[in-house]
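According to the numbering used here, the sequence shown is numbered sequentially starting from 11.
A virtual CB, placed ideally from N, CA and C, is assigned to each residue, including glycine.
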Amino acid sequence: MNDIVIFAQTGTIATLGRAGDDPETSTPLATVYLLKDGWHMKLTHRHDRFAWSGPYASPADAAENYTPVEATGPIPRLAV
């Protein structure tokens, strides 16, 4: 079962977090935006093209399909 819940939602934006976390003090896991073709999710801790997914029918649909940041995109590489 998915433990991701909607912390807050307006008509065009929603924030997602873990069930049981305090929305006032916890950093959201993702933000869901209403764009022209549906709802799109942006992972909070990722800042590349792999951070985005969608479109989804609703923020609840995005929460149900949440994928942890560690499992998205290529493995980060360290320069040595």
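Please list, in chain order, all residues of the same chain as residue 11 whose beta carbon is under 8 Å from its beta carbon, the five residues on each side excluded. The sequence position of residue 11 within the sequence shown is 1, counting from 1. Confidence at residue 11 is low in this model, with a pLDDT of 45, below 50, so its placement is unreliable and the value that follows should be read with caution. None.
Check residue 59 in the structure and name its three-state DSSP category. Sequence index remark: in the sequence shown, residue 59 carries index 49 (1-based). Residue state, collapsed to three classes: helix.
By Cβ distance below 8 Å, which residues in the same chain neighbour residue 13 in space, the five residues on each side in sequence not counted? Within the sequence shown, numbered from 1, the residue matching residue 13 stands at position 3. So the list reads 28, 29 and 30, once near-sequence residues are dropped.
Start-to-end residues for the alpha helix (DSSP H) that takes in residue 18: Counted from its first residue, the sequence shown places residue 18 at position 8. Segment 14 to 19 is the beta strand (DSSP E) holding residue 18; no alpha helix (DSSP H) there.
Figure out for me which residue from 34, 79 and 63 has the closest Cα to the Cα of residue 47. Counted from its first residue, the sequence shown places residue 47 at position 37. Taking only the C-alpha atoms, the option nearest residue 47 is 63.
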